[in-house]
Amino acid sequence: MRFIHVADLHFDRTFEGLSEEIPVDFLKKLNQANEKTLKNIVTTAIAQQVDFVIFAGDTFHQMNPSLKNQQLLMAQFQQLAHAEIPVYLIFGNHDYYEESRYWFSFPENVVLFETETVKSIVATTKNEEKYAISGFSYRHQYLKAEMVKHFPVRNLEVDYHLGLYHGDINDANFAPFSLNELKSKNYDYWALGHIHQPTKLSDEIIYPGTPQGHTKKERDLGNVLLVELAKNELTVTRIPVAALRWQKKTISLADCENNAAVVSYLTKQLTPLTENTAMLYEITLANTAHLQNFTAMITNGQLQDLLNQQWPDLVFVHTLKLEEVKEKISLPASEALKTQLLQEFSHEEIFNEVLAELAGNKNTTRLLADPTFRQEVLTQVAEELNQQFEWGQS
Numbered sequence: 090m091r092f093i094h095v096a097d098l099h100f101d102r103t104f105e106g107l108s109e110e111i112p113v114d115f116l117k118k119l120n121q122a123n124e125k126t127l128k129n130i131v132t133t134a135i136a137q138q139v140d141f142v143i144f145a146g147d148t149f150h151q152m153n154p155s156l157k158n159q160q161l162l163m164a165q166f167q168q169l170a171h172a173e174i175p176v177y178l179i180f181g182n183h184d185y186y187e188e189s190r191y192w193f194s195f196p197e198n199v200v201l202f203e204t205e206t207v208k209s210i211v212a213t214t215k216n217e218e219k220y221a222i223s224g225f226s227y228r229h230q231y232l233k234a235e236m237v238k239h240f241p242v243r244n245l246e247v248d249y250h251l252g253l254y255h256g257d258i259n260d261a262n263f264a265p266f267s268l269n270e271l272k273s274k275n276y277d278y279w280a281l282g283h284i285h286q287p288t289k290l291s292d293e294i295i296y297p298g299t300p301q302g303h304t305k306k307e308r309d310l311g312n313v314l315l316v317e318l319a320k321n322e323l324t325v326t327r328i329p330v331a332a333l334r335w336q337k338k339t340i341s342l343a344d345c346e347n348n349a350a351v352v353s354y355l356t357k358q359l360t361p362l363t364e365n366t367a368m369l370y371e372i373t374l375a376n377t378a379h380l381q382n383f384t385a386m387i388t389n390g391q392l393q394d395l396l397n398q399q400w401p402d403l404v405f406v407h408t409l410k411l412e413e414v415k416e417k418i419s420l421p422a423s424e425a426l427k428t429q430l431l432q433e434f435s436h437e438e439i440f441n442e443v444l445a446e447l448a449g450n451k452n453t454t455r456l457l458a459d460p461t462f463r464q465e466v467l468t469q470v471a472e473e474l475n476q477q478f479e480w481g482q483s
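My numbering numbers the first residue of the sequence shown as 90 and each following residue consecutively.
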């Protein structure tokens, strides 16, 4: 069985944090990005010949979506209907459901979970695989009930049982749940929504992340999940669908001998990923001290304007700045001492003692017991020590 897992599309959300001086060609791309992303999702589903598509909440950003956006969404669902692909859709905290807001009828291939009561449906794929899907929707902006408690245990009369859940493991306002509670249902897959960063809580319990980032914080995103289930086997593949991607880059100009070489070099660095994917860049330039009168071209915006003329419909540099150069603090201590200290803190007892104040929280307690987390923290500490301090020889 194959299906596409989508969540947090926020189809009608605007792109935030951009200046008003956007080139006309790129502005056109920006205005079409949400619709293009939705079309990419539908095209992907049809090309992959999936059995169905799941939308796990916040398909719309607004609780009252415009008539234009409603019509655009229904048209794409109709494309899936022509391909005989069902859609299973729940509503989240942004687009919480009220029937009167929708002027257009959902096509017959769309199954809605309309209430804050868990509902289960049973259906069969073209290959005669029987599956059950259980889920609920928001009818209000906040849903404090622990909805996981109302989900049935796995239906033993089907080949696969899926759960649709829009909620947050750490926020009491949005259908809070625990990982163990989800696992206790013994479902084959939980299609989660609400968290915009791709997050895997377990092999079969996943937030796909938003398929289209709308702020500079939502960078390196833009995928949906192709989920394939077979007997005792789960395969999850990320498929890019975003029409526009945000990226943050630090670019060294150490190899640019003079200012004339800078534009050519930066243009190569900012080449679009594909002719169909627009890019929004936040750029920090490093190693520029050898370039004459360079800072002025950054401050007055001339270099930024020049870069935005190179790919007017595909690349927009919304931020261009120089790297802050911080002087390292000189320490009368050797590299060997630093290594020794890190080794000391790698011991579980000492590590937990330093972070004792965090131990009262159930989520951090779990992290503290995880050797991988401990190693990640120590690696970050080592990097910070190297960046901030100059180590001596004593």
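By construction, the Cβ of each residue, glycine as well, lies at the ideal position given by its N, Cα and C atoms.
Since His386 is in the alpha helix (DSSP H), which residue starts that stretch and which ends it? As a position in the sequence shown, residue 386 is number 297, starting the count at 1. Position check: residue 386 holds Met in this sequence, whereas His was assumed. Unbroken alpha helix (DSSP H) run through Met386: Phe383 to Thr388.
If we count the other Cβ atoms within 10 Å of its Cβ and call it buried at 16 or more, is Thr366 buried or exposed? On the sequence shown, residue 366 is found 277 positions in, with the first residue counted as 1. By the neighbour-count rule (16 or more Cβ atoms within 10 Å), Thr366 is buried.
Please work out which residues of its chain come closer than 8 Å, Cβ to Cβ, to Lys117, disregarding the five sequence neighbours upstream and downstream, and give them in chain order. Sequence index remark: in the sequence shown, residue 117 carries index 28 (1-based). For Lys117, the CB contacts under 8 Å within the same chain, skipping 5 residues up- and downstream, are Asp402 in chain order.
So the alpha helix (DSSP H) Phe115 belongs to, where does it begin and stop? Looking up residue 115 in the sequence shown gives position 26. Per DSSP, Phe115 belongs to the alpha helix (DSSP H) from Val113 to Ala136.
Kindly indicate the opening and closing residues of the beta strand (DSSP E) around Leu323. On the sequence shown, position 234 is the one that residue 323 refers to. Glu322 to Pro329 is the span of the beta strand (DSSP E), which, as asked, contains Leu323.
Check this for me: beta carbons of Gly181 and His250, under 8 Å apart or not? Translated into the one-based positions of the sequence shown, residue 181 becomes position 92. Translated into the one-based positions of the sequence shown, residue 250 becomes position 161. In this structure, His250 does not lie closer than 8 Å to Gly181 by Cβ.
Buried versus exposed, by CB contacts within 10 Å (16 or more), Val113: For this step, residue 113 is matched to residue 24 along the sequence shown. Per the 10 Å Cβ criterion, exposed.
Terminal residues of the alpha helix (DSSP H) in which Asn269 lies: Taking the sequence shown and counting its residues from 1, one reaches residue 269 at position 180. Per DSSP, Asn269 belongs to the alpha helix (DSSP H) from Leu268 to Ser273.
For the stretch 193–201 against the stretch 162–176, do three or more pairs of beta-carbon atoms, one drawn from each stretch, fall closer than 8 Å, so that the two count as touching? yes
Is Asn389 close to chain D, meaning its C-beta is less than 8 Å from at least one C-beta of that chain? In the displayed structure, chain D is absent; only one protein chain is listed.
Can you tell which of Lys305, Thr468, Gly311 and Lys320 has its C-alpha closest to the C-alpha of Leu107? Walking along the sequence shown from the start, residue 107 turns up at place 18. Comparing Cα-Cα distances from Leu107 to each of Lys305, Thr468, Gly311 and Lys320, the minimum goes to Lys305.
Below 8 Å on the Cβ atoms is my guess for Leu253 versus Ala145; work out the distance and round it to an integer in Å. Your numbering for residue 253 matches position 164 in the sequence shown. Your numbering for residue 145 matches position 56 in the sequence shown. Sure, about 5 Å apart at Cβ, within 8 Å.
Inter-residue Cα distance where the pair is Ala432 and His183: Mapped onto the sequence shown, residue 432 falls at position 343. Mapped onto the sequence shown, residue 183 falls at position 94. The sequence shown places Gln at residue 432, not Ala. When rounded, the distance between both Cα atoms is 47 Å.
Just curious, the alpha helix (DSSP H) that Tyr185 is in, first and last residue? Counted from its first residue, the sequence shown places residue 185 at position 96. Segment: none, Tyr185 is in no alpha helix (DSSP H) and carries neither H nor E.
Just to confirm, are Leu310 and Thr326 a CB contact at a threshold of 8 Å? As a working mapping, residue 310 is identified with position 221 in the sequence shown. As a working mapping, residue 326 is identified with position 237 in the sequence shown. In this structure, Thr326 does not lie closer than 8 Å to Leu310 by Cβ.
Taking the CB atoms as reference points, tell me whether Pro300 and Leu98 lie closer together than 8 Å. Stepping through the sequence shown from its first residue, residue 300 is reached at position 211. Stepping through the sequence shown from its first residue, residue 98 is reached at position 9. Taking 8 Å as the Cβ cut-off, Pro300 and Leu98 qualify as a contacting pair.
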